[in-house]
Amino acid sequence: MTSSTARPAGVAERPDQRGPLSNEQLRQMYETMALARGLDERMWLLNRAGQAAFVISCQGHEAAQVGAGFALQPGKDFLLPYYRDLAISLHFGLTARDVMLSLLGKQGDPTSNGRQMPAHYSSRKLKIVTGSSPVATQLPHAAGVALAAKIRGEDTVAFTCTGEGSTNQGDFHEALNFASVRQLPVVFFVENNGWAISVPMAKQMNIAHVSERAAGYGIPGVTVDGSDPIAVYTAVAEAVERARRGDGPTLVEALVARFTAHSSDDDDRMYRPLNQAQELRANDPNLRFRARLIEEGVMSEEQVKEIEARIKVQVNDATEFAENAPYPDPSELTLHVYGS
Amino acid sequence: MTSSTARPAGVAERPDQRGPLSNEQLRQMYETMALARGLDERMWLLNRAGQAAFVISCQGHEAAQVGAGFALQPGKDFLLPYYRDLAISLHFGLTARDVMLSLLGKQGDPTSNGRQMPAHYSSRKLKIVTGSSPVATQLPHAAGVALAAKIRGEDTVAFTCTGEGSTNQGDFHEALNFASVRQLPVVFFVENNGWAISVPMAKQMNIAHVSERAAGYGIPGVTVDGSDPIAVYTAVAEAVERARRGDGPTLVEALVARFTAHSSDDDDRMYRPLNQAQELRANDPNLRFRARLIEEGVMSEEQVKEIEARIKVQVNDATEFAENAPYPDPSELTLHVYGS
Amino acid sequence: MATKLLIEAIHDTLIDEMRKDERVILMGEDVGARGGVFRVSADMIEEFGDMRVIDTPLAESAIIGAAIGASLNGLLPIAEIQFFDFIHSAMNQILNEAAKIRYRSNGDFHCPIVIRTPYGGGVHGALYHSQSIEAIFTREPGLKVVAPIFPADAAGLLRSAIHDGDPVLFLEHKKGYRAIRDEVPENGHVVPIGKARVVKSGSDATIISYGMMLHESLAAARALEEKGGGSIEVIDLRSLRPLDTETILESVMKTGKVLIVHEANRFGGVGAEVSALISEEAFAWLDAPVMRIGGAEVPAMPYTKPLEAAYLPNQQTIGAALEKLAAF
Amino acid sequence: MATKLLIEAIHDTLIDEMRKDERVILMGEDVGARGGVFRVSADMIEEFGDMRVIDTPLAESAIIGAAIGASLNGLLPIAEIQFFDFIHSAMNQILNEAAKIRYRSNGDFHCPIVIRTPYGGGVHGALYHSQSIEAIFTREPGLKVVAPIFPADAAGLLRSAIHDGDPVLFLEHKKGYRAIRDEVPENGHVVPIGKARVVKSGSDATIISYGMMLHESLAAARALEEKGGGSIEVIDLRSLRPLDTETILESVMKTGKVLIVHEANRFGGVGAEVSALISEEAFAWLDAPVMRIGGAEVPAMPYTKPLEAAYLPNQQTIGAALEKLAAF
Ligand SMILES: Cc1ncc(C[n+]2csc(CCOP(=O)(O)OP(=O)(O)O)c2C)c(N)n1
Ligand SMILES: Cc1ncc(C[n+]2csc(CCOP(=O)(O)OP(=O)(O)O)c2C)c(N)n1
Ligand SMILES: [Mg+2]
Ligand SMILES: [Mg+2]
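Chains as they are written, first to last, in our numbering: chain S, 1 to 340; chain A, 1001 to 1340; chain B, 2001 to 2328; chain Y, 3001 to 3328.
Here it is, written out as C-alpha cells:
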C-alpha cells in the first residue's frame, strides 16, 4: 500500500481489527480521549468566562491522536505536535494541571512558563519537542531528530503532526524529501479536518487525499478513518515498525472533523453552515468508541461511570490548581535569552 | 497520462512522430540548437582566456529547450527561464550580441546592463521574465504571470524552467500547488541532468522521475527524452494546449545531460568519473538531430554547411561587438533602485 | 469628514481602489468568505468575486511569489500576510525578488505589489502573533515600508502604496485596528510615501516614533507639559523607508534633544538608523545624547499578562526617559 | 605557530573538532565529495563518512530545520549555507525557530547549532553571490553572529561557536578565504564570542570595522599616519552580536572620534546600532559626529567590474573620511 488511492476514500486498511491491544489498553485509550475532551470543553468555559484569552481545540481529533499515540513508545519516541494535539500530548505524559497552567499562563507551566500561547505542548522530559506557531516548521525538526537517532544507531522514532492545510508549506515538501533521501525513522501524521481556518480542502489542494503526496517522495502514503482509534493505531503501528526497521518515513493521513470554530478568535458561521458543524458532532468518535467498547464487552457501564468520575475530578482539580497558581514575576521577562 | 510511471523511463509519448512541424521549422530547430552550442563554446574560450569571469552552460540541454520552445508562441507566451536556458532564450528572440554583451558585462546588455551574472536571461520586450540566482523562485512567478492572464481572460501561457535538484525547494511545491488549485495556464519544465552541482539524483530525491511529483498536486506529469527535440515538442505542445484550454498546469520533465562542469567555477572531476562526462558527449543530441534530419532528407549537407557558416559569422560578430562595447559608467551604480 | 476606526479606513480604501482600478486584486489566507482573520476584507469577495479576492493555500512564499508574477504581467496585487510573524518563509521572495527586480533588470521590469500585514503586540498574541520586525525590511534598498497609525494616514498611504511602482510593505498595527478612531477625509485622500508628520509641535525636545508607541509618546508628552516639564515635539514617522530626513533634522535642530520610541527591540531597530542619521547630520545641534526606548531585548513578546506588560514601553517609561532628557 | 589562509584555518578547525567530538556533524549542499564549492570541507567525507558529512538535497529550510532537530536530540550540527545570499528561505527556521527555542521553552530546550556561510563581495559574484545582510540576523535576540577575518580568530571563534549552547551564525568572507594569511596558534586555540579586538591602537580617532573592510581600514589608517595625519585606533568587532560594548566605548572615550566601516549598506546596518550605542553611552566624550561608511545604498552588488568597484568602500574612500574626521 503506497497510496490512499489504492483504497476507497477514508477507509482504513484493517478497520475490523483492533490490533494487539488488551482490553485494559482499549479502556485507557477511551479514558485519554475523554480526558482530552473534558479539558477542552472546560477551556472553552474558561474562555467564555473571560479567564482564558485563547483556546484552540482538539475536539473531533481525539480518536486519531490517541490511536496514533498507542502505536508509539512514550519516554523513548519523540513527539513533535501541533496546536490540536492535546490528546496525544496527554498520552505522552502531559498532565491536566500542566495543560491548565499553560492555558492561564501561570507560573510552573512546563511548556513555556506562560510565554507561549496555550496549546504549544512541550516538555523535554517527556520528549515532546517545543514548537512555534508558524505551521509545518516542526516537520524538518522531526527529520533532524530522526537523523540524530539514526546516526547514533538508536531505533527511536520521531512522530510529528500537522493539519492538511499546512502540507501546502514548503517545509512539508523539504522535510519529507530530506527524510526519504536519508531513510530516516520519522512518521508524518496529517490530521485532515478539511478546513484551514475558513479555507476548505478544495481551495487548498487539487487532490482527494493528502496521502497522494507521498508518491512525490517515494514513501508510503496511507489514509485512515481518524474517527476509529483502532484503525489509526493499526496504520501508525505499521509506519512505526517501518521506521524502526530502518525502512524510512511514512505519511499517514487521518480523516477527522473539526467540531469547533478554528479557535476562540474565530466564528465559523461566516464560512460554514451551522448544520455542517452539527452534523459533524452527530458522528462523535468519542461517543462511538465508548458505545463500541461497551457493546464488545471491553468496558462496562460501571467502568464508564468510574472513568467519567475520574475525569471530572482531574479537570476540576487542574482548573482550581491553575486558577490558584501565581503568574510569573515580571522579572522573568529577560531570562533564558541565551544560555551564556 | 498523469505520471511518467505509466511509461518506461525516458521514453517520449510519441517518439516516432515529429508533430506538425515543417521541414523549414525542423531546420530552424537545428540552427537554434547549433547557435546555442556555438555561443556556449565561445563563452568557455573567453573564460579560459580570462575575458569572461563566469560561464554556465546549456551544453547537452539544447534539444530539450528548443523542442519546448517550438511548442510556444514567442511574443505572446511568457518565458521564465533559469541559467541554462540559452537555447530557448535565443528562440524567444534574444540575439547573439545580447548574450555576449551580458557575458562580458558591457553597456547595452539588455538583460541587466552588466548588473547580473551572465546567463540571467531577461527582456520585457521579448516576454522573458527577469530571474534571480536563488533557484526555483521563478516558479511562483510563473503561476502569478498565469494568474494575471487568466483573470484578464487571455489565453497566454507561462512557461518556466528549472533543474531537477531545484524541485526540492519549497517554492517548487508551493508554486505547483497554487497553480493547480487555481487551474492556471502554466507549464513547469524540469531539465533533469541528474546532477545538482556535485549531488547525484539519488542523493537529491528518492524517486526515479521528477514527474512523479505531479501526483501530489493533481496535475499531469510527463517524462520525455530530452535528447529528442521532437519528442519534447510533442509533450510540451500537449501541455501548452491543456493550459490554453483552461485545464491547468502540467509538469514536464526532460531527461538531459550536463556535458560540462556545473559552471566555470566547478571542476566535476572531483565527483564524477571523467569517462562519464565523455560518454554523455558521445550521445550528443545536436549531432544526432543533425544526422537524423539529413538522413530523413529534411536537411541537405549543403544546408548544414550554410547553417554552420551563418553561426560562425554570428558568433564572431557578437564576440567582437561585445569586446568593443564600453563598460557601464560607474555613475550607473545608483540608477533604478526605485522608480520614484 | 467621516470618523473611522483604523481598520475601517483600510477596509474602505481597499474597496474604493478595487472599484476604481480593475488591475487591483487582493490575495491571501482567509481573505474571502472569512473577510480576513481581522475582517479587514469583510464583504469584499461578495462584491469583487473570487477572481479578484483570492483565498490562497496556506503558503506565504507562493502568495508573495504569485503576487510578484501577477505584477510583472500587468496587475496591481495586494498580498495579505495573515500575521507579520509568518512572513519569514516569504523573505526570499520579498528581499531577493520583489526588492531587486527593478535594479537587476536595469529598470526593464518593476514590481508594483503591496504587502499588507498586521504587526505589533499587546493583544496576548505571544511570540508569534505580536512581532515588530520591520527593521529586517527597512534595511533593504528597493523596498518601501510604511506604518501608519492614524486612520487618515492609513487610507492615504494605502492609496499611494497601491499606485507606487515599487514593492511596498504596508504595516497595520493589530491593536490599533479597533483602538484608534479618527477623522478621514473623503474621496481619494492621498498621503505621499516618505513624509513624516509633526503630530504635536514643541520646542524643548523631540520624540520620534510610529505605531502604537506614537500614542503612548503623545500621552507622555502631554502629561509632562501639564506638570510644566517642558514643551515636547512629537513626530510620527509614518514611512520607515524612505525616512523623512528633512522633517527629522529640522525638529532636532530646533529642540536639540531627541527620544526615539518604538515597540520593536532597540538593537538594530529603526531607531538605530534614525539615531545614527541624527549624529551624522545634526551633531552640532545636539544638547543631549539621542536616546532610544524599545521593546525588551528578548526573542519576542511573551503571552502571559505580566510578562507582556513588562515587554512593552508605555507612557510611564517614556515619561521617565523624557525627564532624564529634559534634565540634560 | 603555523601560518594559514583563512579557509585553511576553518577547514582544519572543522576536522579537529569533528575528531574530538562525535556529536559534531556537517551538513549542506555539496559539502561531501565536492568538499563544498569553496573546498572548505575538502577531504572530510573521506575521513568522517557520509553519516557525519552530509550532502543534503537543495533545500535551505530543510538544512537548517533538520540541523535544529538534530541539535534537540543531542548532536552539535554545523549547517553550511552555500552562499549567504541563499539563506533567505531558511529565515523562518533561523529567526522564528533556532533563535527562539530556548526562550519559548523557558530554558527547557536549547539549540546548539552553527550556521556557516560565505558572505561578501568583490569576487564578481553579482547581486546573489556577494551579499552582506548580517544586520537581518544581528537584530535577533537569541542568535549570536560572528564574522572573523583573521585566520586565528576564525579558528578560535569556530571552536567557541560549535560548543556554544545557542545558535551561532558564522560568517566567512569569501574574498578573504584565500586573500588573508596569518599565524594560527596550535592545539585548541579559542576566542570567546562577544569580544572585539584592538588590531591597532591609536589616540586621535577610532575606526570600528569587521570583515574585508577591516583590512581596507587598516591600510587607510597606516597611510594617514605615514603622512602624519594622526594616530588611528582600529577595532575589529569580530562578534557582531553580542557586541563588545566595553571595548568600543573605551576606545571612543580615548579618541573622541569614530568612523564605522562595513561592506553592507549603511541604512540599518550593524554600523547604525554601533553609532546609536556610542551616542547613548559616550556622547559627552565625542569631539565629532560618529561617521559611517558602507556599501552603496542599492539592492545588491552589481557584476560588471566598474560597478562592483564603485559599490565597495576602499582605502581611498576610508582615508578621505578619516581626514574629514581629523579636521573636526
Ligand atoms: C506560516 C503560517 N501561516 C499562517 C498561519 C495562521 N494559521 C494558523 S492555523 C491556520 C490553518 C491551519 O490549517 P490546517 O493545517 O488544516 O490545520 P487545522 O487548524 O485545520 O488543524 C493558519 C492559516 C500560521 N500559523 N503559520
Ligand atoms: C536557493 C539556492 N541554493 C543554492 C544555490 C547554489 N546552486 C546553484 S545551481 C545549484 C544546483 C542546481 O541543480 P539543478 O536544479 O539540478 O540544476 P542544474 O544546474 O543541474 O541544471 C546550486 C546548489 C542556489 N543558486 N540557490
Ligand atoms: Mg485542517
Ligand atoms: Mg541538475
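Beta carbons: idealized from backbone N, C-alpha and C, even for Gly.
Margin query: So Y:Met3051 contacts chain S; which residues on that side make the cut at Cβ distance below 7 Å?
Written below: Ile151
Checklist line | Under 8 Å by beta carbon: chain D residues contacting S:Ser180 | finding: In the structure shown, chain D does not exist; the protein chains are S, A, B and Y.
Next item on the list: Within 10 angstroms of the Cβ of S:Asn324, are there 16 or more other Cβ atoms? Answer buried if so, exposed if not.
Entry: exposed
Checklist line | Beta carbon nearer than 6 Å to a non-hydrogen atom of ligand 5 | finding: The ligand content of the structure shown is limited to ligand 1, ligand 2, ligand 3 and ligand 4, which means ligand 5 is not among them.
Note to self: Nearer than 7 Å: is that true of the beta carbon of A:Ser1180 relative to any heavy atom of ligand 2?
What the structure shows: no
Note to self: Within a Cβ cutoff of 7 Å, which residues of the same chain sit near Y:Ile3318, ignoring the five residues on either side of it in sequence?
What the structure shows: Glu3216, Ser3217, Ala3220, Val3261, Ile3293
Notebook entry, point to check: By Cβ distance below 8 Å, which residues in the same chain neighbour B:Pro2242 in space, the five residues on each side in sequence not counted?
Noted result: Lys2144, Ile2193, Gly2194
Checklist line | Distance, Y:His3110 Cα to Y:Gly3074 Cα | finding: 10 Å
Check: To which residues does DSSP link Y:Leu3076 through a beta bridge?
Finding: Y:Val3024
Check: Taking DSSP as the reference, what is the three-state secondary structure of Y:Glu3281?
Finding: helix
Check: Going by the C-beta, is A:Glu1191 closer than 7 Å to any heavy atom of ligand 2?
Finding: yes
Margin query: Quick check on the DSSP output: what are the complete alpha helix (DSSP H) runs of length 4 or more inside the region 277 to 333 of chain S, in order along the chain?
Written below: 285 to 295, 301 to 324
Margin query: Determine whether the beta carbon atoms of S:Val157 and S:Leu251 lie at a separation below 8 Å.
Written below: no
Notebook entry, point to check: Taking B:His2124 as the reference, which of B:Met2301, B:Asn2314, B:Ala2321 has the closest Cα?
Noted result: B:Met2301
Next item on the list: Measure the C-alpha to C-alpha separation of B:Leu2307 and A:Pro1110 and round it to an integer number of angstroms.
Entry: 55 Å
Item checked: Cα-Cα separation, S:Pro8 to S:Val224 -> Note that S:Pro8 has pLDDT 37, beneath the 50 cutoff, so the model's placement of it is unreliable and the number below is only indicative. Whole-angstrom Cα-Cα distance: 10 Å.
Margin query: At the level of alpha carbons, what is the spacing between S:Phe92 and S:Glu301?
Written below: 27 Å
Note to self: Assuming B:Met2213 is part of the alpha helix (DSSP H), what are its boundary residues?
What the structure shows: 2212 to 2226
Next item on the list: With hydrogens ignored, establish whether the beta-carbon of A:Leu1139 is closer than 7 Å to any heavy atom of ligand 2.
Entry: no
Note to self: One question on the structure: do S:Val337 and B:Val2298 come within less than 8 Å of each other, judged by their Cβ atoms?
What the structure shows: yes
Check: DSSP state of B:His2011, grouped into three classes?
Finding: helix
Notebook entry, point to check: Name the chain A residues that come within less than 8 Å of Y:Leu3240, Cβ to Cβ?
Noted result: Residues of chain A passing the Cβ test: none, with the nearest at roughly 23 Å.
Item checked: The beta strand (DSSP E) enclosing B:Tyr2311, as first and last residue numbers -> Not the beta strand (DSSP E): B:Tyr2311 falls in the alpha helix (DSSP H), residues 2305 to 2311.
Next item on the list: Say whether chain B places a C-beta atom closer than 8 Å to the C-beta of S:Ala196.
Entry: yes
Notebook entry, point to check: By how many angstroms is the C-alpha of S:Asp171 removed from the C-alpha of S:Ala291?
Noted result: 40 Å
Next item on the list: Could you pull the start and end residues of the alpha helix (DSSP H) that B:Met2291 belongs to?
Entry: Segment 2291 to 2295 is the beta strand (DSSP E) holding B:Met2291; no alpha helix (DSSP H) there.
Next item on the list: Please confirm if the region 1278 to 1294 of chain A is in contact with the region 1021 to 1036 of chain A, defined as three or more CB-CB distances below 8 Å between the two stretches.
Entry: yes
Notebook entry, point to check: Which residue from S:Gln59, S:Glu62, S:Arg97 puts its Cα closest to that of S:Val315?
Noted result: S:Arg97
Check: Who are the neighbours of B:Ile2068 on chain A, taking C-beta pairs under 7 Å?
Finding: His1141, Gly1144
Next item on the list: In the DSSP assignment, find the beta strand (DSSP E) that holds A:Leu1101 and state where it starts and stops.
Entry: Here A:Leu1101 belongs to no beta strand (DSSP E); instead the alpha helix (DSSP H) covers 1096 to 1104.
Check: Under 8 Å between C-beta atoms, does S:Ser263 make it to chain Y?
Finding: no
Checklist line | Cβ separation of S:Leu176 and S:Tyr217, assumed to be a contact under 8 Å, to the nearest whole Å | finding: 5 Å
Note to self: Assuming the contact rule is C-beta atoms closer than 8 Å, S:Glu168 and S:Met205 should be a hit. Round their C-beta distance to whole Å, please.
What the structure shows: It is Asn, not Glu, that sits at residue 168 of chain S in the sequence shown. Confirmed, Cβ separation roughly 6 Å.
Check: Going along the chain, which residues of its own chain have a beta-carbon closer than 7 Å to the beta-carbon of B:Pro2185, five neighbours each way excluded?
Finding: Met2001, Ala2152
Note to self: Restricting to Cα atoms, I'd like to know which of A:Val1145, A:Val1222, A:Gly1075 is closest to B:Ser2071.
What the structure shows: A:Val1145
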